[in-house]
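J.:
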Amino acid sequence: MRMLLLAFGLFSLASVASAQKIAHVNTDSLLADMAERDSVQIKLETKQKFYESEYELLSKDFERAQAEFEQIDKNPQAPPSIKELKRKKMQDLYNNLTQFQQRAQQEMQDYEVELLQPLIDDMKKAIEEVAKEKGYSYVINDQFLLYSPPSDDITQLVKKKLGF
Numbered sequence: 000m001r002m003l004l005l006a007f008g009l010f011s012l013a014s015v016a017s018a019q020k021i022a023h024v025n026t027d028s029l030l031a032d033m034a035e036r037d038s039v040q041i042k043l044e045t046k047q048k049f050y051e052s053e054y055e056l057l058s059k060d061f062e063r064a065q066a067e068f069e070q071i072d073k074n075p076q077a078p079p080s081i082k083e084l085k086r087k088k089m090q091d092l093y094n095n096l097t098q099f100q101q102r103a104q105q106e107m108q109d110y111e112v113e114l115l116q117p118l119i120d121d122m123k124k125a126i127e128e129v130a131k132e133k134g135y136s137y138v139i140n141d142q143f144l145l146y147s148p149p150s151d152d153i154t155q156l157v158k159k160k161l162g163f
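Residue numbers are given in numbering that gives the first Met the number 0: position 72 of the sequence shown equals residue 71, and the series is strictly consecutive.
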């Protein structure tokens with residue numbers, strides 16, 4: 000009797016699992032085709048150019064300080080206190096430059112997330128709507144999928160839902 004119940008339980012579990020529909024979607028393709036993506040890209044490029052111009056100014060300050068230090072360091076007549084002052088100035092500018100670069104990189108990443116989040120939210124909503132309408136239990140992003148059983152590609156359906 001136990002074996003019969005166990006076999007029936009396994010059979011029921013297998014039939015429930017096979018009844019679930021699986022789909023996949025290419026979210027990179029969806030995001031690339033969204034009209035708002037162009038304005039996001041323009042905003043990112045504008046901010047990136049600002050950071051690049053500031054970085055260039057800081058780089059020139061560092062290069063000048065480095066040249067001053069090298070010039071005074073070669074002079075055997077230069078007092079050690081002046082050499083140390085020039086070396087410290089050069090080191091401080093280098094530290095500022097690297098800190099600026101790190102902060103700018105983090106701020107750009109945060110800004111990109113901030114700009115893309117509404118698009119991602121719209122995409123997720125459309126994916127959920129299509130999944131519910133078509134009866135899918137699972138929707139997988141096919142950009143990260145290494146193996147899956149056969150599934151339906153709903154990318155075009157989601158694009159239609161998003162209006163493109």
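By construction, the Cβ of each residue, glycine as well, lies at the ideal position given by its N, Cα and C atoms. Here the structure is a predicted model, which means the values were calculated and not measured.
1) Report the three-state DSSP secondary structure of I21 (helix, strand or coil).
2) Would you mind stating whether A64 and L96 have Cβ atoms separated by less than 8 Å?
3) Can you list, in chain order, the stretches of the alpha helix (DSSP H) that have 4 or more residues and sit fully within the region 26-100?
4) Closer than 7 Å by C-beta to K88: which residues in its own chain qualify, once you throw out the five before and the five after it? Chain order, please.
5) Comparing alpha-carbon positions, which option in K46, A22 and S28 lies nearest Q105?
6) In the DSSP assignment, find the unbroken beta strand (DSSP E) run with Y137 in it and report its ends.
7) Please name the residue, chosen from Y54, I21, S28 and M107, that lies closest to T154 on a Cα-to-Cα basis.
8) Just to check my reading of the structure: L118 and L43 have Cβ atoms closer than 8 Å, yes? What is that Cβ distance to the nearest angstrom?
9) Express the C-alpha separation of V129 and L156 in angstroms, rounding to a whole number.
10) With distances taken between CB atoms, is the gap from I126 to I21 smaller than 8 Å?
11) Alpha carbon to alpha carbon, what distance is there between D72 and Q101?
12) Looking at R86: is its Cβ nearer than 8 Å to the Cβ of F61?
13) Should D121 and L84 be called a contact, given that it needs their Cβ atoms to be closer than 8 Å?
14) Compute the beta-carbon to beta-carbon distance between K158 and D37, rounded to the nearest angstrom, for a pair I have assumed lies under 8 Å.
15) Under 8 Å, do F99 and Y54 count as touching if we go by C-beta distance?
T.: Judging by the given coordinates:
1) In the structure shown, I21 sits in a strand (DSSP, three-state: E or B).
2) No, Cβ-Cβ distance for A64 and L96 is not below 8 Å.
3) Fully enclosed alpha helix (DSSP H) runs of 4 or longer: 26-32 and 35-73.
4) Cβ within range, chain order: A64.
5) The option with the nearest alpha carbon to Q105 is K46.
6) Residues Y137 to N140.
7) With distances taken between Cα atoms, T154 lies closest to S28.
8) Rounded, the Cβ-Cβ distance is 13 Å, inconsistent with contact.
9) C-alpha separation (whole angstroms): 7 Å.
10) The criterion of a C-beta distance shorter than 8 Å is not satisfied by I126 and I21.
11) So the alpha carbons of these two residues sit roughly 30 Å apart.
12) Cβ distance not < 8 Å, so R86 and F61 don't count as in contact.
13) Cβ distance not < 8 Å, so D121 and L84 don't count as in contact.
14) Incorrect: roughly 16 Å between the Cβ atoms, too far for contact.
15) The answer is yes: Cβ separation under 8 Å.
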